[in-house]
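Novice:
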Amino acid sequence: ARQFQRVFVLADGMEVMGADLKNGLLSVDLARPEPERIVRRIDIAALD
50 ARQFQRVFVL
60 ADGMEVMGAD
70 LKNGLLSVDL
80 ARPEPERIVR
90 RIDIAALD
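Under the working numbering, read the sequence shown as residues 50 to 97, first letter to last.
1) Would you report the Cα separation of ASP78 and ARG51, rounded to the nearest angstrom?
2) Are the Cβ atoms of ARG81 and GLY62 separated by less than 9 Å?
3) Could you please give the first and the last residue of the uninterrupted beta strand (DSSP E) stretch that includes ASP69?
4) Cα separation between ASP92 and VAL65?
5) Starting from ALA60, trace the beta strand (DSSP E) both ways and give me its first and last residue.
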């Protein structure tokens, strides 16, 4: 069999969970973890 190489660019934060090659078909398991939510607190000064 001939050897070849293929490169895929994934989006930021994507994780490769595994890969499987069966009958010439490559299956890649990907996960997109939930980004951490950033809570910002903004103080509002009252004008009297």
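C-beta atoms are modelled at their ideal positions from N, C-alpha and C, and glycine is treated no differently.
Specialist: Taking the coordinates as given:
1) Distance between the alpha carbons of ASP78 and ARG51 is about 25 Å.
2) For ARG81 and GLY62, yes; Cβs fall inside 9 Å.
3) First-last of the beta strand (DSSP E) with ASP69: 64–71.
4) Cα to Cα, ASP92 sits roughly 41 Å from VAL65.
5) Counting along the chain, no beta strand (DSSP E) covers ALA60, and no H or E run does either.
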